[in-house]
Each structure stands twice: as structure tokens, then as C-alpha cells.
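Trainee: My structure is below; once you've seen it, I'll send some questions.
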Amino acid sequence: MLLGLGADAHRGSVCALAYSPNGLYVASGYEDSTIILWDPATGGRITELRGHTDTICALAFSPDSSLLASGSRDCSIILWNVVAGEKTVALNGHDGFIDTLAFSPDGKKLASGSVDFTVRIWDVERGEQQSLCKAHNALVMVVTFSPDGTQLASGSADCDTRVWDAETGMEISVLKGHQGVVYSVQFAPDGRRLATASDDGTSVVWHAKSGERLVIFREHSGPVWSTAFSSDGKRLLSVASDRTVKVCDSYSTEAILAIDGAEGMVNAAVFSDDGEFVAAGAEDHSVCVWNTRTGERISVLEGHTDNLVNLRFSPDNRRLASASDDSTVRIWNISVALPAAV
Numbered sequence: 001m002l003l004g005l006g007a008d009a010h011r012g013s014v015c016a017l018a019y020s021p022n023g024l025y026v027a028s029g030y031e032d033s034t035i036i037l038w039d040p041a042t043g044g045r046i047t048e049l050r051g052h053t054d055t056i057c058a059l060a061f062s063p064d065s066s067l068l069a070s071g072s073r074d075c076s077i078i079l080w081n082v083v084a085g086e087k088t089v090a091l092n093g094h095d096g097f098i099d100t101l102a103f104s105p106d107g108k109k110l111a112s113g114s115v116d117f118t119v120r121i122w123d124v125e126r127g128e129q130q131s132l133c134k135a136h137n138a139l140v141m142v143v144t145f146s147p148d149g150t151q152l153a154s155g156s157a158d159c160d161t162r163v164w165d166a167e168t169g170m171e172i173s174v175l176k177g178h179q180g181v182v183y184s185v186q187f188a189p190d191g192r193r194l195a196t197a198s199d200d201g202t203s204v205v206w207h208a209k210s211g212e213r214l215v216i217f218r219e220h221s222g223p224v225w226s227t228a229f230s231s232d233g234k235r236l237l238s239v240a241s242d243r244t245v246k247v248c249d250s251y252s253t254e255a256i257l258a259i260d261g262a263e264g265m266v267n268a269a270v271f272s273d274d275g276e277f278v279a280a281g282a283e284d285h286s287v288c289v290w291n292t293r294t295g296e297r298i299s300v301l302e303g304h305t306d307n308l309v310n311l312r313f314s315p316d317n318r319r320l321a322s323a324s325d326d327s328t329v330r331i332w333n334i335s336v337a338l339p340a341a342v
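Number 276 in UniProt numbering belongs to position 276 of the sequence shown; there are no gaps in the numbering.
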């Protein structure tokens with residue numbers, strides 16, 4: 001069921017999307033440099049944030065949902081007070097646009113990755129750069145902190161993933177082996193292993209500190225957009241352009257489940273935080289949602305009229321936000337299709 005719809009054609013495409021950890025806000029960033037905060041319960045607009053001068057490329061909420069970080073083609077990052085709807089500080093230093101952002105689990109640090117090939121770690125309270133991490137040879141696609149916040153991983157178009165000390169910015173390990181762009185990086189729940197997904201059609205599980213390649217998964221016939229661990233770390237989930245979702249044993253590559261159901265090539269995909277569900281946008285502009293334990297398709301969401309560019313689950317998995325090149329953000333209630341809580 002569609003809960004809400006935000007549409008402003010003059011803003012251009014929705015280029016970034018984020019769902020707050022407390023479930024009270026959805027943020028969308030647009031080509032025209034604006035950001036809108038939405039109420040996902042009603043679909044109503046809360047406020048509009050203005051401060052950038054170019055396209056919004058990345059958004060991230062702090063763990064307590066009090067701050068929103070935005071990265072732009074204007075090469076700056078802005079921290080916003082969510083409740084007040086006001087800018088708190090601008091973080092400058094990148095020489096290219098920012099395309100990925102992540103807060104540390106305690107909210108004290110913000111990591112950013114840019115087309116300037118660098119990763120930067122910022123002190124949120126002081127509004128200052130804490131560390132500059134320079135080693136990648138191409139744009140940085142994704143940054144993510146380990147569950148305990150002591151490590152930061154970055155994946156790049158140079159095919160490598162690097163692990164950094166989140167306090168000092170010193171490089172811990174380099175994960176080499178992919179033959180294509182690294183699109184997705186995620187730590188296992190214990191922080192010891194790391195999973196990556198690549199344009200080369202593979203997913204890999206690595207030892208985070210040593211950089212040793214532990215397991216390689218060749219389950220897909222096209223670029224792998226996203227990968228995720230289950231909440232217990234035992235399963236590895238991947239979704240790819242070949243219209244399939246694969247679930248494998250994260251230690252042995254043993255296939256557990258294969259889901260094939262999207263209509264046409266998948267062009268956007270996301271796993272829920274606990275790995276229980278996956279949503280994918282297809283060429284026909286619909287969004288499919290599956291249960292990753294059973295393979296059951298629980299929802300087909302139709303209404304967008306152009307390519308899906310971003311999807312985000314709510315923290316309780318009861319809602320899904322979708323953003324499209326049709327200039328709309330849609331918020332769907334998928335709880336009617338989910339199993340009853342026991």
C-alpha cells in the first residue's frame with residue numbers, strides 16, 4: 001500500500017535517499033541541490049533544507065537520528081540539525097564531489113568518500129577533519145564502519161577495498177582480488193570479516209585485518225550490486241543485475257537459496273539491516289520485496305514511471321522508501337505482507 005508520495009518535477013531526479021534509525025524521517029536529495037525531510041508515517045513534507053549549490057549525492061543520518069549529513073557535487077558536506085531543520089556546520093576539504101557517507105556507531109565520527117580518490121574521517125562535535133586517508137587510485141564508491149567503530153572500510157572503482165584505523169586513519173589492510181568496481185562493503189556482525197560485491201560478478205568474504213580472501217562466491221552472471229550478512233553472520237546475501245538474489249553459507253559458499261523474479265535487469269537493490277528482506281527495482285519500474293529465508297516474494301510495488309535509483313527499508317522493516325528518476329519519493333507500507341510477529 002502506498003502511504004505517501006512526494007513529487008517536484010522541477011527538482012530533477014532524486015539522487016540520494018536515507019531512512020532515519022528512529023524511523024521518523026526519510027530524507028531525499030535532488031539534482032537542484034535541495035533536500036527534503038518527509039514524515040514516513042503520513043508521507044507529508046516536514047521541511048526543506050537549502051545550503052548546497054549543486055546536486056545532492058549522498059545522505060546519512062546519525063545513529064540517534066538527530067543529525068543528517070549531506071554530500072554534494074559542490075564538494076562540501078553539511079551537517080543538519082534534523083529537529084530544527086537548520087545547518088550546524090559545513091565540512092570542507094574534498095576536491096571532488098562526495099558520493100558516500102557513513103556515521104560511526106557512536107555518532108562521533110563521519111566518514112566520507114569522494115571522486116577525489118580520498119576517504120576523510122571527520123570529528124562531528126568539533127566539525128573538523130580528523131584523518132585523511134589517501135591510497136585509492138579511483139573514486140571511492142562506499143565507506144562503512146565496523147560494528148564496534150574501530151575500523152573503517154572503503155570500496156573503490158580501482159577494484160580494491162581498504163580497511164583503515166578509524167581513530168588514526170592509518171591503513172590496516174588492502175583487500176585485492178576483484179577485477180571490477182567495488183559497489184558494496186559490509187562488515188560481519190563480529191567485525192572480523194568483511195564482504196564485498198563487485199562489477200566483476202563476484203562477492204568475496206575477507207579477513208578484515210589481514211586482508212586474506214576467505215571465500216569467493218561466483219553465483220551471479222552479472223555485476224553484483226549489493227551484499228549483506230544475516231544478523232548472525234552465517235549467511236551471505238547478494239543481489240545482482242542478472243535479476244537474482246542469492247543466499248549462501250558465508251563460510252563455505254554452499255548455496256542455500258536462489259530467488260529469481262524481477263522483471264528485467266535490476267537497477268537498484270537494498271537489504272534490510274537484519275538481512276531478512278531484500279528489495280529490488282527492475283526495468284519495468286516496479287519494486288519487488290522478498291523474504292530471504294523462504295524466497296517468497298511478499299510485495300510487488302508499482303507506480304514509478306522511470307528508473308529506480310534508491311531504496312531504503314525502515315528500521316522495523318514495515319515500510320520501504322523508493323526514489324526514482326521520475327522525481328518522486330514513494331513510501332510504501334509493506335507490513336501487510338510480512339509475517340505476524342510472534
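Note that CB positions come from ideal geometry on N, CA and C, so glycine has one too.
#1: Please report how far the alpha carbon of Ala188 lies from the alpha carbon of Pro147, in whole angstroms.
#2: Considering only residues of the same chain and omitting the five flanking positions on each side of Leu175, which have a CB-CB separation below 6 angstroms?
#3: Using a Cβ-Cβ cutoff of less than 7 angstroms, which residues in the same chain neighbour Asp95 once the five nearest sequence positions on both sides are dropped?
#4: Do Ala84 and Leu59 have their CB atoms nearer than 8 angstroms?
#5: Terminal residues of the continuous beta strand (DSSP E) containing Asp123?
#6: Taking the straight line between their C-alpha atoms, what separation do you get for Arg319 and Ile334?
#7: Return the first residue and the last residue of the beta strand (DSSP E) that Gln129 is part of.
#8: Taking the beta carbon of Thr55 as the centre, do at least 16 other beta carbons fall within 10 Å, making it buried, or is it exposed?
#9: Given this structure, state the Cα-to-Cα distance separating Thr88 from Ile78, to the nearest angstrom.
#10: Looking only at C-alpha atoms, which of Asp106, Lys108, Gly71 and Leu110 sits nearest to Phe97?
#11: Since I believe Ala153 is in contact with Val140 (beta carbons under 8 angstroms), could you give me their beta-carbon distance rounded to a whole number of angstroms?
#12: Using DSSP with H/G/I as helix, E/B as strand and the rest coil, what is Ser146?
#13: According to the neighbour-count rule (16 or more other Cβ atoms, all chains shown, within 10 Å of its Cβ), is Gln186 buried or exposed?
#14: Pull up the CB-CB distance for residue 344 and Val124, whole angstroms please, since I reckon it's below 8 angstroms.
#15: Quick one: which unbroken beta strand (DSSP E) runs of 3-plus residues sit fully inside the UniProt repeat "WD" (49–90)? Chain order, please.
#16: Tell me, which residues are paired with Gly155 by DSSP?
#17: If you compare alpha carbons, which of Ala208, His285 and Gly177 is closest to Glu302?
#18: Going by the CB atoms, is the gap between Ser238 and Thr253 shorter than 8 angstroms?
#19: Per DSSP, His207 is paired with what?
#20: Find out if the Cβ-Cβ distance for the pair Ile331, Ala323 is shorter than 8 angstroms.
#21: Between the alpha carbons of Phe145 and Gly169, how many angstroms are there, rounded?
#22: Starting from the C-beta of Asp232, find all residues in its chain whose C-beta is less than 8 angstroms away, skip the five residues before and the five after it, and write them out in chain order.
#23: Determine the direct distance from the alpha carbon of Ala268 to that of Pro223, and round the result to whole angstroms.
#24: Can you tell which of Thr118, Thr202 and Asp165 has its C-alpha closest to the C-alpha of Tyr183?
#25: Which residues bound the beta strand (DSSP E) around Val245?
#26: Please classify Ala195 as buried or exposed, where buried requires at least 16 other C-beta atoms within 10 Å of its C-beta.
#27: Taking only three categories from DSSP, how would you classify Arg218?
#28: For a test of the three-state rule: what should DSSP assign to Arg318, helix, strand or coil?
#29: Measure the alpha-carbon distance for Asp260 versus Val245 and round it to whole angstroms.
#30: Under a three-way DSSP split, which group does Ala340 fall into?
#31: Count the other CB atoms, across all protein chains shown, that sit within 10 Å of the CB of Arg312; report buried if there are 16 or more and exposed otherwise.
Mentor: The relevant details are as follows:
#1: So the two alpha carbons sit approximately 8 angstroms from each other.
#2: Excluding five sequence positions before and after Leu175, the CB atoms of its chain that fall closer than 6 angstroms to its own CB belong to Thr161, Trp206 and Gly211, given in chain order.
#3: Leaving aside the five residues that flank Asp95 on each side, the residues in its chain whose CB is nearer than 7 angstroms to its CB run, in chain order, Cys75 and Asp116.
#4: For the pair Ala84 and Leu59, the CB atoms are not nearer than the 8 angstroms cut-off.
#5: Note, Asp123: beta strand (DSSP E), Thr118 to Asp123.
#6: Approximately 5 angstroms, taken between the alpha carbons.
#7: That run of the beta strand (DSSP E) goes Glu128 to Lys134.
#8: Of the other Cβ atoms in all chains shown, 16 or more fall within 10 Å of the Cβ of Thr55; this residue is therefore buried.
#9: Thr88 and Ile78 have their C-alpha atoms some 8 angstroms from each other.
#10: Nearest option by C-alpha distance: Gly71.
#11: Distance from Val140 to Ala153 at the Cβ level is roughly 11 angstroms; contact not present, criterion being Cβ atoms closer than 8 angstroms.
#12: In the structure shown, Ser146 falls within a coil segment according to DSSP collapsed to helix, strand and coil.
#13: With 16 or more other Cβ atoms inside 10 Å of its own Cβ, Gln186 counts as buried.
#14: Lying outside 1 to 342, the shown extent of the chain, residue 344 is not represented and no answer is given.
#15: Fully enclosed beta strand (DSSP E) runs of 3 or longer: 56–61, 67–72 and 77–81.
#16: Residue pairing by DSSP places Gly155 opposite Val142 and Thr161 in a beta bridge.
#17: Nearest of Ala208, His285 and Gly177 to Glu302, Cα basis: His285.
#18: No, these two residues do not count as a Cβ contact at 8 angstroms.
#19: Arg193.
#20: It is not a contact, given that the beta carbons lie outside the stated cut-off.
#21: Straight across, the Cα-Cα distance linking Phe145 with Gly169 is about 12 angstroms.
#22: Cβ within range, chain order: Pro189.
#23: About 12 angstroms.
#24: Taking only the C-alpha atoms, the option nearest Tyr183 is Thr202.
#25: Where Val245 is concerned, the enclosing beta strand (DSSP E) starts and stops at Thr244 to Asp249.
#26: Answer is buried; the Cβ neighbour count reaches 16.
#27: Three-state DSSP puts Arg218 in coil, outside helix and strand.
#28: Looking at Arg318 - three-state DSSP - the assignment turns out to be coil, as it is neither helix nor strand.
#29: In a straight line, the C-alpha of Asp260 is about 7 angstroms away from that of Val245.
#30: Unreliable placement is indicated for Ala340, whose pLDDT of 35 sits below 50; the coordinate value is still reported in the next sentence. Shown here, Ala340 sits in coil according to DSSP, grouped into three states, outside any helix or strand.
#31: So Arg312 counts as buried.
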